[in-house]
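Asks: Please read through the structure below; I'll follow up with questions.
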Amino acid sequence: MPWAAIDGATLADEAATLAVGARLAREIKAPCNVALVGDLGAGKTTLVRGFLRALGVNGPIKSPTYALVESYDTPLGPVHHLDCYRIESLEDFEARGGFDYVTSGAIALVEWPDRIADAVRFDGTIELTWAGDGRRVTCHAGDRHG
Ligand SMILES: Nc1ncnc2c1ncn2[C@@H]1O[C@H](COP(=O)(O)OP(=O)(O)O)[C@@H](O)[C@H]1O
Ligand SMILES: [Mg+2]
């Protein structure tokens, strides 16, 4: 499992965060829901960018804060990048079709998973926290609530 291999690393700069994303791309397969935990600016979207670049996605990778989801075709099949920051309730998530992306057998990388944690099962959790000017990454299999 990739989770233990990544756990505890210090990420000195953006390139290191991109590399974690690239590593994740080498080690997971669909279906897989990944919870990306961390404050605004922690590097969640950067990690997703590293993931997608490693799979050959060359176009713009923008944060789906307003759209809820951006989907990409990759060699691992569809990859859905969700940002639940603005999700107000599970009803809101359902009304926007969110459940489709986390139950379709694809890979879903989900920022602000706490918004939907009561209703969605995650295969792994990656958390980014500040460590000086860089970041520290912790991760484990399963939901953040165990
Ligand atoms: N390991 C790191 N050390 C220092 N800065 C980083 C690191 N990883 C990412 N960054 C920077 O921090 C910011 C993170 O932004 P973003 O990935 O959009 O965060 P989030 O999606 O968590 O809100 C970017 O400016 C990025 O260049
Ligand atoms: Mg983001």
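Residue numbers (my numbering): 1 to 146. Note that beta-carbon positions come from the ideal geometry of N, C-alpha and C, so glycine has one too. Computed from a predicted model, the values in this text were never measured in an experiment.
(1) Could you tell me how far apart the beta carbons of Gly21 and Arg49 are, in whole angstroms, since I believe they sit closer than 8 Å?
(2) Verify whether the separation of the beta carbon atoms of Pro60 and Ala106 is less than 9 Å.
(3) Is the region 92-103 close to the region 123-134, with three or more CB pairs under 8 Å?
(4) Consult DSSP for Asp83 and reduce its assignment to one of helix, strand or coil.
(5) Excluding sequence positions up to five away, which residues of its chain have a Cβ less than 6 Å from the Cβ of His145?
(6) For Ala150, which three-state DSSP category applies?
(7) Compare the beta carbon distance of Arg115 and Tyr85 with 9 Å and say whether it is the shorter of the two.
Replies: The answer reads as follows:
(1) That belief holds up - the Cβ atoms of Gly21 and Arg49 are roughly 7 Å apart, short of 8 Å.
(2) Result no, Cβ atoms of Pro60 and Ala106 do not sit closer than 9 Å.
(3) Result no; under three Cβ-Cβ pairs closer than 8 Å.
(4) Note: Asp83 maps to strand in three-state DSSP.
(5) With a pLDDT of 48 at His145, under the threshold of 50, the modelled position of that residue is not reliable, and no figure is offered here.
(6) This structure does not reach residue 150, given that the chain is present from 1 up to 146, and the question cannot be answered.
(7) Yes, the Cβ-Cβ distance between Arg115 and Tyr85 is below 9 Å.
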